[in-house]
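Asker:
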Amino acid sequence: KQTHTKWWTGRESFNHPHVKTITTQNFNGTMREVSEAELPLLVAFYDFRSASFKELRQHLEQTGEALANAENGSLGYLGACDATLHTFLARTQAPQMEAGWQENKKGAFKFCRPR
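My numbering numbers the first residue of the sequence shown as 458 and each following residue consecutively.
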């Protein structure tokens, strides 16, 4: 019996205490929570399969930690949203992601689409 790996399995998500997981379901509640704290929220939309995510993930986690542990108190929050899983949120909050190709050729990687 032959098995095929599906593109949506083996997701690598953020599991870091200083990176808030942003989903379509928790977006509004997270925005209220951040607004009440009167601190900014920077949301990184990512595709867990992309080379850039794999390369930059560590830097995003370090950024979240730096924001939370600034010398004079927290400067804000870093949120992360898997754009391949939460496409509605990515399309409404970061529509420019779908407009930008990483390569200028047919079949190039494009956010929010399986290969």
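Ideal placement from N, C-alpha and C gives every residue a C-beta, glycine not left out.
Model, not experiment: these values are computed from the prediction.
1. Give a yes or no on whether the C-beta atoms belonging to S531 and L524 are separated by under 8 Å.
2. Report the residue from D539, F545, P497 whose alpha carbon sits nearest the alpha carbon of T478.
3. Kindly list the residues whose CB is nearer than 6 Å to the CB of L499, restricted to its own chain and excluding five residues on each side of it in sequence; keep chain order.
4. How many angstroms separate the CA atom of L546 from the CA atom of A501?
5. May I ask you to report which of helix, strand or coil DSSP gives G536?
6. Does the Cβ of R514 have 16 or more other Cβ atoms within 10 Å, making it buried, or fewer, making it exposed?
7. What separation, rounded to the nearest whole angstrom, lies between the Cα atoms of R506 and Q482?
8. Between G533 and V476, what straight-line distance do the alpha-carbon atoms span, to the nearest angstrom?
9. Classify F505 as helix, strand or coil using the three-state DSSP reduction.
10. Can you tell me which of the three DSSP states L498 falls into?
Answerer: Considering the structure as presented:
1. Contact check for S531 against L524 passes: the beta carbons are separated by less than 8 Å.
2. If we check each option's Cα against that of T478, D539 comes out closest.
3. Cβ neighbours of L499 within its own chain (closer than 6 Å, five residues either side excluded): L535.
4. Taking the straight line joining both Cα atoms gives about 12 Å.
5. The DSSP-derived three-state label of G536 is strand.
6. Counting C-beta atoms within 10 angstroms of its own C-beta, R514 has 16 or more neighbours from the protein chains shown and is therefore classed as buried.
7. If you take the alpha carbons of R506 and Q482, they lie about 22 Å apart.
8. Rounded to whole angstroms, G533 and V476 show a C-alpha spacing of 11 Å.
9. In the structure shown, F505 adopts coil according to DSSP, grouped into three states.
10. It is a strand residue.
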